[in-house]
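Asks: Residue 491, in the working numbering, is where the sequence shown stops; the numbers in between run on with no holes.
Just so it is clear, CB atoms sit at the ideal spot from N, CA and C, and this is done for glycine as well.
Nothing here was measured: the structure is a model prediction, and the numbers come from that model.
Below you'll find the structure I mean.
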Amino acid sequence: MKFSGSIVALITPFYQGKVDITALQALVDWHCQQGTQAIVVCGSTGEANLLTPCEREEVIQAAIKVAAGRIPIIVGCGAPSTHEGISMVQQAEEWGAQAVLVVSPYYVKPTQVGLYQHFYLIHESTNLPIILYNNPGRSVVDLSIDLICQLAKLPKIAALKDSTLDLSRTTVLRNQLADRLSLLSGDDPTTAAYLAQGGDGCISVTANVAPALCQQLIQAWVKQDVALFQSLNQKLMPLHLALVSETNPSPVKYALSALGKSHNELRLPLMPATTETRMKVDQSLQTLGLI
């Protein structure tokens, strides 16, 4: 399976302390209509670590049912332990997911050898395509270039989501792997630069709010319409920056509440966005004509 274009890292909407399944279903259907290429549920933007196992199952199954094969549902399967990661991946496969996004084990700080064994055993436990997720800001450890190239030899490793600011990695990986892996940005403000360095798309927070514009940006690059690409990047940048001005997903949940698509509710220890951030979000939404 080839992963490219604008893939949304979907929020998990809450209302009065519970998962708001009605809002979740509406968001999935909206993305299917807006041109989003795929949906990631139960990722960090989806507050996955703050969901109960029952809620996790509810979110995944609801998203798969509503998407109904129109676009792929990718399930986040992050855990500190390999055995828990395997269990998550096998559940996602059982429930009908099209792929899994597997982040590096966090908190335990494994070595590169330990990371290889973690991803290798997950690879052996499933038939689903696997997207590696490198996010050293949250997991502390970094997937090295050498490790990514080693993992790319495994047939079910299909893509990399890279949330680092080292944009040279994209070109280095493209030089070493050609088209063996899909390369996906995990950072909206640098997505345009990531594409120019050889990337295929983005797993995006901003696409929660402006899915059509995010997809248009990537399509402009694919078509080499440089003027449109630059124009869209400039228009989207204030929104990108507003949505990362506090810990994700606090700003994007406020933005979706401003659009009337979910309640501005998070789970502790996450807190709602501050007044300053809400003002930045409101201004960027107004400039784009979204509110």
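Mapping DSSP to helix, strand and coil, what is G276?
Replies: Residue mapping note: residue 276 aligns to position 76 of the sequence shown, counting from 1. If DSSP states are grouped into helix, strand and coil, G276 belongs with the strands.
Asks: Assuming T370 contacts G399 under a Cβ cut-off of 8 Å, what Cβ separation, rounded to an integer in Å, is found between them?
Replies: Here residue 370 is taken as the residue at index 170 of the sequence shown, counted from 1. Here residue 399 is taken as the residue at index 199 of the sequence shown, counted from 1. The Cβ separation is near 5 Å, so the contact holds.
Asks: Where does the unbroken alpha helix (DSSP H) through C254 begin, and where does it stop?
Replies: Here residue 254 corresponds to residue number 54 of the sequence shown, with the count starting at 1. Looking at the DSSP string, the run of the alpha helix (DSSP H) that includes C254 is 253 to 267.
Asks: I need the straight-line Cα distance from R380 to L488, nearest angstrom please.
Replies: For the purposes of this step, residue 380 is identified with residue 180 of the sequence shown, where counting begins at 1. For the purposes of this step, residue 488 is identified with residue 288 of the sequence shown, where counting begins at 1. If I take the Cα positions, the gap works out to 36 Å.
Asks: Where does the unbroken alpha helix (DSSP H) through I286 begin, and where does it stop?
Replies: Reading the sequence shown from its first residue, position 86 is the one you call residue 286. Run containing I286: 282 to 295, per the alpha helix (DSSP H) assignment.
Asks: In angstroms, rounded to a whole number, what distance separates the CA positions of T477 and L432?
Replies: Here residue 477 corresponds to residue number 277 of the sequence shown, with the count starting at 1. Here residue 432 corresponds to residue number 232 of the sequence shown, with the count starting at 1. So the alpha carbons of these two residues sit roughly 22 Å apart.
Asks: Compute the distance between the beta-carbons of I271 and Q225, then report whether it is under 9 Å.
Replies: Here residue 271 refers to the residue found at position 71 when the sequence shown is read from its first residue. Here residue 225 refers to the residue found at position 25 when the sequence shown is read from its first residue. No, they are not a contact pair.
Asks: Tell me whether the region 268 to 287 and the region 296 to 309 touch, counting them as touching only if at least three CB pairs, one residue from each stretch, are closer than 8 Å.
Replies: In short, these stretches touch, since the Cβ pair count reaches three.
Asks: When the Cα of A324 is compared with those of Y333, L347, Q290, which residue comes out closest?
Replies: Position 124 of the sequence shown, counting from 1, holds the residue named residue 324. Note on residue identity: the sequence assigns Glu, not Ala, to residue 324. It is Q290 whose Cα lies nearest to the Cα of E324.
Asks: Helix, strand or coil, according to DSSP, for V303 in the structure here?
Replies: Translated into the one-based positions of the sequence shown, residue 303 becomes position 103. Residue state, collapsed to three classes: strand.
Asks: Can you tell me where the beta strand (DSSP E) with A358 in it begins and where it stops?
Replies: Translated into the one-based positions of the sequence shown, residue 358 becomes position 158. Element bounds for A358: 357 to 362.
Asks: At the level of alpha carbons, what is the spacing between A473 and D388?
Replies: Position 273 of the sequence shown, counted from the first residue, corresponds to residue 473. Position 188 of the sequence shown, counted from the first residue, corresponds to residue 388. So the two alpha carbons sit approximately 19 Å from each other.
Asks: On a CA-only basis, which of T252, T212, D220, K265 is nearest T245? Give me that one, please.
Replies: Within the sequence shown, residue 245 is the residue found at index 45, counting from 1. Taking only the C-alpha atoms, the option nearest T245 is T212.
Asks: Can you have a look at R256 and say buried or exposed, based on whether 16 or more other CB atoms are within 10 angstroms of its CB?
Replies: Taking the first residue of the sequence shown as 1, we reach residue 256 at position 56. Label assigned to R256: buried.
Asks: Under a three-way DSSP split, which group does V372 fall into?
Replies: On the sequence shown, residue 372 is found 172 positions in, with the first residue counted as 1. DSSP places V372 in helix when its eight states are reduced to three.
Asks: Nearest to Q350 by CA position, among R374, D366, A378, Y316, is which residue?
Replies: Position 150 of the sequence shown, counting from 1, holds the residue named residue 350. Answer by Cα proximity: Y316.
Asks: Taking the straight line between their C-alpha atoms, what separation do you get for V341 and Y333?
Replies: For the purposes of this step, residue 341 is taken as residue 141 along the sequence shown, with counting starting at 1. For the purposes of this step, residue 333 is taken as residue 133 along the sequence shown, with counting starting at 1. Taking the straight line from one Cα to the other gives about 11 Å.
Asks: Hey, could you find the ends of the beta strand (DSSP E) G314 is sitting in?
Replies: The sequence position of residue 314 within the sequence shown is 114, counting from 1. Taken as a continuous stretch (DSSP letters only), G314 belongs to no beta strand (DSSP E), being part of the alpha helix (DSSP H) at 312 to 324.
Asks: Reducing DSSP to helix, strand and coil, say where L332 ends up.
Replies: Position 132 of the sequence shown, counting from 1, holds the residue named residue 332. Residue state, collapsed to three classes: strand.
Asks: Could you please give me the residues that DSSP links to Y215 through a beta bridge?
Replies: On the sequence shown, residue 215 is found 15 positions in, with the first residue counted as 1. Y215 pairs with K218.
Asks: Could you tell me which uninterrupted alpha helix (DSSP H) segments, each at least 4 residues in length, are contained entirely in the region 408 to 452, listed from first to last along the chain?
Replies: Runs of the alpha helix (DSSP H) inside the region 408 to 452: 411 to 422, 426 to 443.
Asks: Using CA coordinates, which residue listed in D229, Q415, L328 is at the minimum distance from G296?
Replies: Counted from its first residue, the sequence shown places residue 296 at position 96. Per the Cα distances, L328.
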